[in-house]
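If you read the sequence shown in the working numbering, its first letter stands for residue 368, the second for the next number, and so on. Here's the structure, in structure tokens; my notes come after.
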Amino acid sequence: MTSDRASWASRVGFVFAAVGSAVGLGNVWQFPFQTGQNGGAAFLVVYLGVVLAIGFPAMLTEFVLGRRSQRNPVDAFAALGGGRWRVAGGIAALAAFWILSFYSVVGGWVIRYVVGSATGAYFDAPTTYFSEVAATGPDAVAFHLVFMAVVVAIVAGGVEDGIERSTKLMVPSIVVLLVALAVWATTLEGVDAAYAYYLSPDLATVRANLASILPSAVGQAFFTLSLGMGAMITYASYLGEDDSLPVDGGVIVVLNTLVGLLAGFVIFPILFALGVDPGSGGAGTAFVTLGGAFAQLPAGRLLGTVFFVVLLLAAVSSAISLLEVTVSVAVENTAWSRRRAAGTLGGACAVLGVPSAFGHLAWFNAVAYELLLPLSVLGVTLYVGWVLADDATAELERGASVATPSTAWLWFVRLVVPVGIGLTLVLGVQSLLVRAGVLTEAVLLA
Ligand code: PFF
């Protein structure tokens, strides 16, 4: 079965695909706002610390598991002699399926706004357009289906001809267009105030809110690095022996962070130029506030179209990695062809997304973010750190073109990452209970 398994045509192909997975709505849509609201450069330092101490080592565990097993996330554990751990892979696959269902709804919004920017459809009423026309209802379902169809088509095309080929086009386009937008944004009025809001280090905010900032930084790091959903396990399982996991991982982490930063250099000057309050966050921010800005800016149609195209490319290149997780599980466990698996699973996922397109997106997001994601990262890191152990360090070193501090890595995986996740998990479950009304208010770190 392994001999005719899919693989990347080149190492660069893997890096592009993985960067495509990592760079997504999380970078362009969430990250800049989170930084702006939580203390700017001071938050950035905390976040980078979390990415380095927790995100990067955790990403390498997924790479190690995927490449060593050459299997999908569910069977990877059994292939390496840890059959009982496959439940962690099961949670990862479930998380991927679950998240894709509403990620695709947001993807549908983005398509809608690409068209709406080009035609000026939302320019007269940017605020009500989002809530009344775009966000929920039959239209939202329709655009969600279009987005999912694109994702299915790419994944059905295969690892090399579908995913690798498309991300090689999408990822450079995202970077080039975003740089162009950031350069243009320097010409806007109020750009200095925007940079100051975005990046001036506000230690007091960070210190006062560290208890809530830390877990949300951990959650954000996992989400933006595409961890906990089996995506990186799956992509690494298509790798050959001579790739350098630490170097590839480093490139992915750095590029992913740079794109998030860059998005802020686009978003905040636009908001400041029009005196829009950047703190008015929430799920619709990119659509309502930025849509409102594009409606007023000269050349707003063009700029809006370019911006939402960037967002769309980022969303598609991430969504395909989510669908690939369950497709790889299906293809390796049934007689289904890749096309059939992509169509069936994409279709089922589209159905699961319908409630999100009718206003329940926040709940779906919370379950994923606060429960499924940390649980699955915990399973993978405990398995790799404590069960695979020496095999894991050997795998990390195999093909590594640089000196690899694999023992230090192992201890980060064994101790630092689980502690970080434990904290997020406890706080996440607490907030789910508060949301469900079981707890009236937060007890821990309130
Ligand atoms: N990393 C993506 C983002 O930042 O939007 C989201 C994501 C994609 C998470 C794929 C997980 C994944 F498997």
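Here a beta-carbon is modelled for each residue, glycine too, at the ideal position from N, C-alpha and C.
Mapping the DSSP letters down to three states, classify residue i as helix, strand or coil.
{"i": "THR554", "result": "coil"}
{"i": "GLN815", "result": "Here the chain comprises residues numbered 368 to 813, so residue 815 is not present and cannot be evaluated."}
{"i": "LEU806", "result": "coil"}
{"i": "THR701", "result": "coil"}
{"i": "GLN587", "result": "helix"}
{"i": "ASN732", "result": "helix"}
{"i": "TYR605", "result": "coil"}
{"i": "VAL643", "result": "coil"}
{"i": "TRP452", "result": "helix"}
{"i": "SER374", "result": "coil"}
{"i": "ASN394", "result": "helix"}
{"i": "MET368", "result": "Low local confidence applies: a pLDDT of 43 at MET368 is under 50, so the model's placement there is unreliable, with the coordinate-based value given in what follows. MET368: coil per DSSP, three-state reduction."}
With a 10 Å radius around its C-beta and 16 neighbouring C-beta atoms as the bar for buried, classify residue i as buried or exposed.
{"i": "THR701", "result": "exposed"}
{"i": "THR369", "result": "Caution applies to THR369, whose pLDDT of 45 falls short of 50 and renders its modelled position unreliable; the model cannot decide the point."}
{"i": "SER704", "result": "exposed"}
{"i": "GLY795", "result": "buried"}
{"i": "ASP615", "result": "buried"}
{"i": "ARG574", "result": "exposed"}
{"i": "ARG451", "result": "exposed"}
{"i": "GLY787", "result": "buried"}
{"i": "GLU737", "result": "buried"}
{"i": "GLY752", "result": "buried"}
{"i": "GLU691", "result": "buried"}
{"i": "GLY814", "result": "Within the shown structure, residues of the chain are numbered from 368 to 813, placing residue 814 beyond reach of any answer."}
What first and last residue would you give for the alpha helix (DSSP H) that runs through residue i?
{"i": "HIS511", "result": "505-523"}
{"i": "ALA389", "result": "378-389"}
{"i": "THR624", "result": "612-640"}
{"i": "GLN663", "result": "652-663"}
{"i": "GLU429", "result": "423-436"}
{"i": "TYR414", "result": "408-417"}
{"i": "LEU777", "result": "773-778"}
{"i": "VAL744", "result": "740-749"}
{"i": "PRO440", "result": "440-446"}
Looking only at its chain, what residues have a beta carbon closer than 7 Å to the beta carbon of residue i, apart from the 5 residues adjacent to it on each side?
{"i": "GLY449", "result": "TYR750, VAL754"}
{"i": "VAL508", "result": "VAL721, ALA724"}
{"i": "GLU762", "result": "VAL431, ARG434, ARG435"}
Apart from the five residues just before and just after residue i, which ones in its own chain have a Cβ nearer than 6 Å to its Cβ?
{"i": "GLY393", "result": "PHE590, THR591"}
{"i": "ILE530", "result": "ALA384, ILE687"}
{"i": "PHE779", "result": "PRO424"}
Practice prompt. Assess, as a yes-or-no matter, whether the stretch 513-523 is touched by the stretch 670-689 under the definition of 3 or more beta carbon pairs within less than 8 Å.
Written response: Enough Cβ pairs lie closer than 8 Å, so yes.
Discussion item. Would you call the stretch 373-391 in contact with the stretch 557-566, where contact means no fewer than 3 C-beta pairs closer than 8 Å?
Written reply: no
Worksheet item: Can we say the stretch 487-498 touches the stretch 532-549, given the rule of at least three CB pairs closer than 8 Å?
Response: no
Discussion item. Check whether the stretch 462-475 and the stretch 715-725 are in contact - that is, three or more C-beta pairs closer than 8 Å.
Written reply: The count of Cβ pairs closer than 8 Å, one atom from the stretch 462-475 and one from the stretch 715-725, reaches three, so the stretches are in contact.
Worksheet item: Would the stretch 634-641 and the stretch 406-425 be scored as touching if the rule is three or more Cβ pairs under 8 Å?
Response: no
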